[in-house]
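Each residue of the sequence shown is one higher than the one before, starting from 1 at the first, in full-length UniProt numbering. All residues carry an ideal CB built from backbone N, CA and C; glycine is no exception.
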Amino acid sequence: MRLPSAAALCRNLRASPTSPVAETSPRRAAEQNCLALLESCSSPSSLHQTLAQLLKSGLQGNPLVLTKFTATCAAVGSGLDAAVSLLFSPGAATHLRDVFLFNTLIRAHAQSRDSCPDAVSFFSLMLRHGVSPNKFTFPFLLKACAGHGSVAVGMQAHASAAKHGFAGDPYVMNTLIHMYASFGIDTVSSARNLFDSMPNTSSVSWSAMIGGYVRCGLCNEAVALFRRMQVAGVPPDEVTLIIVLSACADLGALEHARWIGTYIDRESVPKTLELCNAQVNALAKCGDIKGAVKLFDLMPQKSIVSWTSVIDGLAMHGHGREAVAVFERMKKSGVAPDDVTFIGVLSACSHAGMVDEGCRYFAAMKEQHCIDPKIEHYGCMVDLFSRAGLLERAVSFIRSMPIEPNPIIWRTLVGGCRLHGHGGAGESLSMQLIAEEPAHSSNYVLLSNVYAMRRQYEKKFEVRRRMSEKGIRKVPGCSMLELGGEIHEFVAGDSSHPQHGEIMAMVEEVDRRLRRAGYVPATAEVLLDVDEEDKEGALCRHSERLAIAFALLRTAPGTAIRVVKNLRVCGDCHEVTKLISELYCREIMVRDRTRFHLFRNGSCSCRDFW
């Protein structure tokens with residue numbers, strides 16, 4: 001409910017000015033009554049009733065009541081327009097506009113992204129009224145600047161904090177770190193410079209900087225800073241642990257995720273629902289799905305986030321039946337699924353080839369749970385049909401969609417065409433995608449893959465030439481590997497790793513063993529117009545091949561290898577990794593863009609269906 005403006009209410013109620021002399025007993029009683037009502041306000045409707053009582057009692061000029069009313073508006077998140085009207089109406093007493101009141105208004109407007117510009121405006125108004133800010137003003141203001149997203153406004157606020165002598169205050173510095181990191185990767189270095197300049201850092205400071213790295217996608221830097229935090233002897237709080245767990249999930253840093261679990265048990269950190277959810281999510285995405293399910297089963301309380309994390313994790317690991325079983329358990333427990341849960345369920349059906357089950361759950365969204373499918377759910381269904389080779393059904397489904405299919409859906413269909421040998425349809429769709437999105441590299445890669453599947457290599461090379469002429473670059477493959485508490489990153493064709501020479505020597509050794517075992521490189525996978533020998537070399541330099549070679553160098557025989565890749569594993573690397581798992585007696589887990597692959601004894605958990 002939106003409160004009417006103070007002006008509208010005042011027109012229907014006779015306002016009585018507050019007398020500077022001692023108030024009568026009825027006035028004092030009215031004041032106490034209003035304060036009690038404001039103390040108990042917890043909703044817009046109760047605030048509405050209290051505002052009416054306030055005006056009826058003639059207390060709109062009472063400093064104590066008006067200040068409390070404004071603070072309550074800020075806490076409830078409603079009625080601020082009425083408070084502002086009372087504070088800044090022509091007859092309002094100017095002495096009420098003190099630093100506490102302005103801080104309250106700035107803080108209240110900083111809580112919503114839509115009203116962040118208003119928070120900045122109130123700071124300007126505060127200065128125009130000659131009210132000096134204090135050290136509590138700037139954390140609220142800087143939070144508003146972060147929500148506003150304007151670097152220029154944020155820098156002006158920083159300058160104002162320095163001008164008033166508060167730039168070195170720990171609370172202000174923590175908020176400055178948060179603000180600069182919130183602006184994105186271009187200003188995260190400014191946040192780090194501030195962090196490094198702090199004479200004393202608290203867990204809040206570390207959390208702000210680590211969280212900033214995670215928001216910018218710099219999860220490796222976040223985990224590295226967390227390690228520094230341990231060396232510095234600063235105990236992490238719950239917020240820090242949750243942030244670092246999210247970074248571990250992104251990186252696949254299982255050692256760190258498990259260390260945090262051990263730390264939580266050792267230090268008796270309260271196992272809140274949010275912290276347990278973060279642990280489950282991290283373990284699942286780091287490849288320890290058994291550990292994630294075990295922790296989930298031990299949780300005394302579970303939210304929709306808990307259930308969804310396990311369903312998503314099982315889906316990524318290809319355990320479709322288990323994911324669906326957890327979903328049914330969730331419903332029986334009385335937890336209603338949401339649209340995010342259904343994405344996990346449909347994805348599980350897709351990866352496991354469970355077409356009938358997927359169709360049934362898709363229909364149940366609307367019929368049983370009153371959830372309108374979104375573009376992501378339609379995409380899951382197209383993926384389900386395409387993976388299963390039901391391409392005509394996929395096309396029919398797309399045509400029946402009540403919303404416009406996006407390019408991702410069409411690219412999914414092209415992938416199905418390539419997988420099941422329908423090159424003509426794949427070529428036509430890819431060329432249509434290129435016409436609609438001429439700067440998107442994925443469309444060219446799809447077309448190139450279709451030509452490779454049809455062995456039309458001249459056309460494949462022509463795609464490469466078109467990309468080169470237009471300055472379009474394929475997203476480089478990047479793989480990460482956690483060893484000894486460190487995250488090692490490998491980019492396809494890159495030679496910057498300190499042990500590059502040793503790694504390439506191992507790559508060549510592995511290649512020799514593979515060839516003796518009968519391996520023939522699938523050079524069609526290479527998007528380069530070069531001779532066969534160079535193509536074979538390019539395949540050897542794919543990022544996951546470099547990561548696996550490094551792991552073979554640095555770990556004892558029989559040690560499991562875990563790799564995280566940003567792109568889908570190509571067919572050649574998939575075959576090579578199967579062979580390596582057999583020849584070197586290693587269990588190799590690779591998380592690519594869509595799922596986990598567990599290679600063991602020459603086979604993969606995906607059953608070559610990905």
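Item, Value
"Bridge-paired residues (DSSP) for residue 440", "Residue 440 pairs with nothing; no bridge assigned."
"Cβ pair residue 250, residue 276 closer than 9 Å", "no"
"Residues near residue 198 by beta carbon distance below 8 Å, same chain, minus five either side", "170, 173 and 205"
"Distance, residue 348 Cα to residue 409 Cα", "17 Å"
"Exposure of residue 42, with buried meaning 16 or more beta-carbon neighbours within 10 Å", "exposed"
"Same chain, Cβ closer than 8 Å to residue 418, neighbours up to 5 away in sequence not counted", "426, 446, 449, 450 and 453"
"Where the beta strand (DSSP E) through residue 487 begins and ends", "486–491"
"Minimum C-alpha distance to residue 270 - residue among 289, 256 and 299", "299"
"Ranges of the alpha helix (DSSP H) found wholly within the region 257–342, counting only runs of at least 4", "273–285, 289–298, 304–316 and 320–332"
"Same chain, Cβ closer than 6 Å to residue 282, five either side skipped, listed in chain order", "245, 248, 249 and 257"
"Member of 145, 401 and 597 whose CA lies at the smallest distance from the CA of residue 610", "597"
"Per-residue DSSP class, three states only, for residue 210", "helix"
"Endpoints, beta strand (DSSP E) assigned at residue 590", "588–591"
"Whole-Å CB distance - residue 388 paired with residue 353, under 8 Å assumed", "6 Å"
"Contacting residues, own chain, Cβ-Cβ under 6 Å from residue 211 (five flanking each side not counted)", "243"
"Nonlocal neighbours in the same chain, by C-beta distance under 6 Å from residue 190, ignoring five residues either side", "180"
"Among 27, 317 and 586, nearest to residue 606 - alpha-carbon criterion", "317"
"Whole-angstrom C-beta distance between residue 109 and residue 144, which should lie under 8 Å", "7 Å"
"Best match in 422, 331 and 403 for proximity to residue 391 [C-alpha to C-alpha]", "422"
"Rounded distance between the beta-carbons of residue 313 and residue 336, thought under 8 Å", "No, residue 336 and residue 313 are not in contact; Cβ-Cβ is about 20 Å, not under 8 Å."
"Nearest to residue 557 (by Cα), restricted to the options 304, 584, 497 and 378", "584"
"Alpha-carbon spacing of residue 238 relative to residue 274, whole angstroms", "9 Å"
"Under the three-state DSSP convention, the category residue 345 falls into", "helix"
"Assigned secondary structure, residue 463 (DSSP; H/G/I helix, E/B strand, else coil)", "helix"
"Close beta carbons around residue 254, own chain, < 8 Å, minus the five adjacent residues each side", "248, 283, 286, 287, 288, 482 and 562"
"Sheet register partners of residue 483 (DSSP bridge)", "486"
"Within 9 Å, strictly: CB atoms of residue 544 and residue 569", "yes"
"Cutoff 8 Å; reference residue 441; Cβ partners in own chain excluding five residues on either side", "467, 472, 473, 474 and 475"
"Enclosing alpha helix (DSSP H) for residue 109 [first to last residue]", "99–110"
"Helix, strand or coil at residue 417 [DSSP, three-state]", "helix"
"Neighbour-count burial assignment, residue 370, 16 or more Cβ in a 10 Å radius", "exposed"
"Helix, strand or coil at residue 606 according to DSSP, with G and I counted as helix", "coil"
"Residue burial classification, residue 479 (beta-carbon count within 10 angstroms, cutoff 16)", "buried"
"Closest by C-alpha distance to residue 430, when choosing among 439, 234 and 411", "411"
"Same chain, Cβ closer than 7 Å to residue 161, neighbours up to 5 away in sequence not counted", "138, 167 and 172"
"Nearest neighbour of residue 305, chosen from 321, 280, 320 and 324 [CA to CA]", "280"
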